[in-house]
Amino acid sequence: MGRAPCCDKANMKKGPWSPEEDEKLKSYVEQHGTGGNWIALPQKIGLNRCGKSCRLRWLNYLRPNLKRGNFSAEEDNIICSLFVSIGSRWSIIATRLPGRTDNEIKNYWNTKLKKRLFGSGGGAVASRKEKPSPPAASMDNEETRAPAVAPSCGGGGEDSVSNYSSGCSSASGLMSELDELLQFSSVGLEEMGWLFGEDGDESSFAVAPPAVN
DNA sequence: AATGGTCACAACCGCACAATG
DNA sequence: TCATTGTGCGGTTGTGACCAT
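Here the working numbering runs 17 ahead of the position in the first sequence, where the first position is 1.
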């Protein structure tokens, strides 16, 4: 059997958020936090929204210290490097870009970077569902995913939001590993000459992603 | 000026995982 | 140990803005 839905979708408001809804959510979370329960939060503040929707709105739009606007070349580089190394683990990539959200990075990749790098061709996009042969074997196990998924730092996950911008001490191992990956990948990409360069060579990525170990 | 196509962004959906009783 | 519940994640879709014709 499938699990019960997180909320009564039939009676929930969907679609774009109004300024009033934003204000309610923002002021409440800033004052009280999420209380560790996104499902109950909309009821508390009188929002006719799904808890997941509230969480997403907060993470991607309302939370403080969000950096909005164009991505810098350095950020482009980081995104591309990490994508080559670990695939479409946007949440992990987001931890390397303070102020950026995984959703934002994902959108940016899909709309701009992918085209820039691969032209019109698309490319080998690692899928979490399919779990195909991963871009980098050393990164593709559940242990490497765990630090980014589990909001175990900062106390009970209530402040998991801050993990996006400030990093997470318990994930320091992952971070240092990513540092190494980033260094390697940046060098590798530059050597290949397909990053931000003239013409990208799709096959160099799709067929033979850099092996990390 | 009107229309159609494309792009960029916000939001939703469904799945997997972790926590809890 | 198992069932249930909440959270996090990645993929996908909807929609408004912009641009070309």
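Using N, Cα and C, we set each Cβ at its ideal position, and we do this for glycine too.
Measure the alpha-carbon distance for residue i versus residue j and round it to whole angstroms.
{"i": "P36", "j": "G63", "result": "14 Å"}
{"i": "V46", "j": "L134", "result": "39 Å"}
{"i": "G184", "j": "K132", "result": "Because the pLDDT at G184 is just 35, under 50, the model does not fix this residue reliably, and the point stays unresolved."}
{"i": "W107", "j": "L42", "result": "25 Å"}
{"i": "R162", "j": "G104", "result": "Bear in mind that the predicted position of R162 carries a pLDDT of just 36, short of 50, making it too unreliable to give a figure here."}
{"i": "V101", "j": "E92", "result": "14 Å"}
{"i": "S44", "j": "T118", "result": "20 Å"}
{"i": "R85", "j": "Q60", "result": "29 Å"}
{"i": "T112", "j": "N94", "result": "14 Å"}
Going by beta carbon distance, what residues of the same chain come within less than 6 Å of residue i, once the five residues before and after it are set aside?
{"i": "N54", "result": "none"}
{"i": "L83", "result": "G116"}
{"i": "W34", "result": "R74"}
Skipping 5 residues on each side, what residues in its chain have a beta carbon closer than 8 Å to that of residue i?
{"i": "D39", "result": "R74, Y78 and L79"}
{"i": "I96", "result": "F88, I110, L114, I122, Y125, W126 and L130"}
{"i": "T128", "result": "none"}
If I measure Cβ to Cβ from residue i and keep anything under 7 Å in the same chain, skipping five residues before and after, which residues do I get?
{"i": "R72", "result": "W55"}
{"i": "N120", "result": "N77"}
On a Cα-Cα basis, can you pick out the residue from the options that is closest to residue i?
{"i": "F88", "options": "W34, S44 and N124", "result": "N124"}
{"i": "N65", "options": "Q48, H49, R85 and K30", "result": "K30"}
{"i": "G68", "options": "T118, R113 and N28", "result": "N28"}
{"i": "Q48", "options": "S70, G32 and P81", "result": "P81"}
{"i": "G32", "options": "K61, T112 and S70", "result": "S70"}
> Taking only runs of the alpha helix (DSSP H) that begin and end inside the stretch 55-138, which ones reach a length of at least 4 residues, in chain order?
Replying inline: Within the stretch 55-138, the complete alpha helix (DSSP H) runs of at least 4 residues are 58-61, 68-74, 90-103, 107-112, 119-125 and 131-135.
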